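**Student:** Residue numbers (this note's numbering): 6 to 73. The beta-carbon is built from N, C-alpha and C at its ideal position, and this holds for glycine as well. Values in this document were obtained by computation on a predicted structure and should not be read as measured data.
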């Protein structure tokens, strides 16, 4: 059980880092602080089935304005 939690945490970190790299290089600010682990996991599972609404809500909340 603890290993599964650790794997999920590492998966979230890896996915967040990859997306953060893309978003910052596109010229936008990003902050993941408001995203809970269960929300992130649920949104990613839904995205596997082409339901991107959860990820869209997260991105709307986390992606800021252009980097000055």
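Could you name each continuous beta strand (DSSP E) segment of 3 residues or more that falls completely within the stretch 28-70, going from the start of the chain to the end?
**Tutor:** Whole beta strand (DSSP E) segments, 3+ residues: 33-35.
**Student:** Secondary structure at residue 73, three-state DSSP: helix, strand or coil?
**Tutor:** Taking the chain shown and counting its residues from 1, one reaches residue 73 at position 68. Residue state, collapsed to three classes: coil.
**Student:** Measuring CB to CB, does residue 58 end up less than 7 Å from residue 39?
**Tutor:** Position 53 of the chain shown, counted from the start, is the residue given in the question as residue 58. Position 34 of the chain shown, counted from the start, is the residue given in the question as residue 39. No; because the gap between Cβ atoms is not below 7 Å, this pair is not in contact.
**Student:** Assuming the contact rule is C-beta atoms closer than 8 Å, residue 69 and residue 35 should be a hit. Round their C-beta distance to whole Å, please.
**Tutor:** As a working note, residue 69 is residue 64 in the chain shown. As a working note, residue 35 is residue 30 in the chain shown. About 7 Å separates the two Cβ atoms, so the contact holds.
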